[in-house]
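Numbering (numbering that gives the first Met the number 0), first residue to last: 0 to 310.
We put the CB at the ideal spot given by N, CA and C, even for glycine.
Only a predicted model underlies this, so the values are computations on that prediction, with no experimental measurement involved.
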Amino acid sequence: MDISVIIPVFNEEKSLSILYDRLIDVVTSFTQDYEFIFVNDGSKDASLSVIKELSTKNQSVKYIDFSRNFGHQFAVFAGLENAQGDAIIIIDADLQDPPELIRELYAKWKNGYDVVYAQREERKGESWHKLFTAKLFYKLINKLSDTAIPLDTGDFRIISKKIKDIIISMPERNKFLRGQIAWTGFNQTSVLYNRDVRYAGKTSYSYSKMFAFAFDGVASFSNIPLRLATYLGFLVSFISFLVILYTLYQKYARHNVVQGWSSLMVSILFVGGVQLICLGIIGEYLGRIMDNVKNRPLYIVKETNIYQQKN
Ligand code: UDP
Ligand code: MG
0 MDISVIIPVF
10 NEEKSLSILY
20 DRLIDVVTSF
30 TQDYEFIFVN
40 DGSKDASLSV
50 IKELSTKNQS
60 VKYIDFSRNF
70 GHQFAVFAGL
80 ENAQGDAIII
90 IDADLQDPPE
100 LIRELYAKWK
110 NGYDVVYAQR
120 EERKGESWHK
130 LFTAKLFYKL
140 INKLSDTAIP
150 LDTGDFRIIS
160 KKIKDIIISM
170 PERNKFLRGQ
180 IAWTGFNQTS
190 VLYNRDVRYA
200 GKTSYSYSKM
210 FAFAFDGVAS
220 FSNIPLRLAT
230 YLGFLVSFIS
240 FLVILYTLYQ
250 KYARHNVVQG
260 WSSLMVSILF
270 VGGVQLICLG
280 IIGEYLGRIM
290 DNVKNRPLYI
300 VKETNIYQQK
310 N
């Protein structure tokens, strides 16, 4: 099979048929040997029936229906695990990623690149705080991590089968696919595009989801926050030591015993606060170790029309 297109879907009933038409136009212009894998991530609307409808019209439309909402990264991952193509395309269902760009992604992939990611030049209709936090996040993660994670990219990209095989063999549970793909190496390049506004509905990435995603990204690509906790601990201990010397000096050399209540409170609170921060950071990592050790399945499939063996 030439091409697999993976489409994670969460409440996208309005955009699905237009997405399908635009995808068909683009993909059939260079191959007839393709598959579309729609992963329905616990949508509450009619998304699944729209997808099933498409699959009865077209044998190449496959679907995986999750038993509940497991999250965007797991939906993409399930698609990767079932993809048969030599090249795999990941695209959002909300038409923010223009399907027509696949032509350029495919052309570059044909020219020998293993990963061609779509890089946003402009993002229409997104709030300034989303743009700002996104920018900040990619700057931060690149400062903290040795893996260069491309700025202004989402998961919209084409990857070779060999990259897919590596990604699905990576057992970590806190999936940050764009980082994991960057980490694999090989020949990677980008294509610039303008990100469209959502066709319908609204983003399902709330700030709390984005924050959790950002923390997954940082924690799986950098141990610096963990080290920061240690540095902070040393710094505070050093300051405390100076303050202790100063207190002793006041008491024994100058016989000037301080009332001291307020300074005591301040320092106790300060040290307490720092300890909590450090514990919090350690906790974040421990939580992730827990997740990995639990070894639960990443997602649960309720229904699918894909019956061939996983490769
Ligand atoms: N999505 C998903 N599961 C989720 C949230 C989102 O499968 O829990 C899908 C969604 O249908 C869309 C893509 O992931 O195809 C990107 O989501 P969204 O547009 O909400 O994110 P944004 O573009 O705002 O970052
Ligand atoms: Mg979107």
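At least 8 Å separates the beta-carbon of residue 35 from that of residue 8. Excluding residues up to 5 positions away in sequence, 215, 219 and 287 lie with their Cβ nearer than 6 Å to the Cβ of residue 173 in the same chain. For residue 48, the enclosing alpha helix (DSSP H) stretches over residues 46-56. Listed in chain order, the non-local C-beta contacts of residue 119 below 6 Å within the same chain comprise 151 and 194, local neighbours out to five positions each way being set aside. Around the C-beta of residue 20, fewer than 16 other C-beta atoms lie within 10 Å, and the residue is accordingly described as exposed. Of 79, 28 and 18, the smallest CA-CA separation from residue 50 is found for 18.
Taking C-beta separations shorter than 6 Å and ignoring five residues to either side along the sequence, the partners of residue 71 in its chain run 7, following chain order. Counting only residues of its own chain and dropping the five nearest sequence neighbours on each side, residue 43 has a CB closer than 8 Å to the CB of 10. Residues with their Cβ less than 6 Å from any non-hydrogen atom of ligand 2, running along the chain, are 91, 93, 95, 197 and 202. Within the same chain, 214 and 218 come within 7 Å of residue 283 by CB-CB distance, once the 5 residues on both sides are set aside. Rounded to the nearest angstrom, the Cβ distance from residue 199 to residue 46 is 11 Å, too far for a contact under 8 Å. Taking a cut-off of 8 Å on C-beta distances, the segment 175-187 touches the segment 98-118, as three or more cross pairs fall below it. Between the alpha carbons of residue 225 and residue 281 lies a gap of roughly 6 Å. Judged by DSSP secondary structure, residue 224 falls within the alpha helix (DSSP H) whose first and last residues are 223-251. With a cutoff of 7 Å, residue 74 counts as near ligand 1, since its C-beta is closer than that to a heavy atom of the ligand. DSSP places residue 171 outside any alpha helix (DSSP H), giving it a letter other than H or E. A straight line joining the alpha-carbon of residue 75 with that of residue 89 spans about 7 Å. Looking at the DSSP output, residue 38 shares a beta bridge with 7 and 63. Using a 10 angstroms sphere on the CB of residue 243, the tally of other CB atoms stays under 16, which defines it as exposed.
For residue 21, the enclosing alpha helix (DSSP H) has its first and last residue at 15-27. Excluding sequence positions up to five before and after residue 167, its CB lies within less than 8 Å of the CB of 76, 79 and 80, all in the same chain and listed in chain order.
In the DSSP assignment, residue 116 falls within the beta strand (DSSP E) that extends over 114-122. Across the set 262, 229 and 103, the C-alpha of 262 shows the shortest separation from the C-alpha of residue 245.
Between residue 146 and residue 124, the C-beta gap is not smaller than 8 Å, which leaves the two residues out of contact. Ranked by Cα distance from residue 25, the first of 97, 269, 228 and 258 is 97. With a 10 Å radius around the Cβ and a threshold of 16 neighbouring Cβ atoms, residue 39 comes out buried. Burial of residue 105 is indicated by the presence of at least 16 other C-beta atoms within 10 angstroms of its C-beta.
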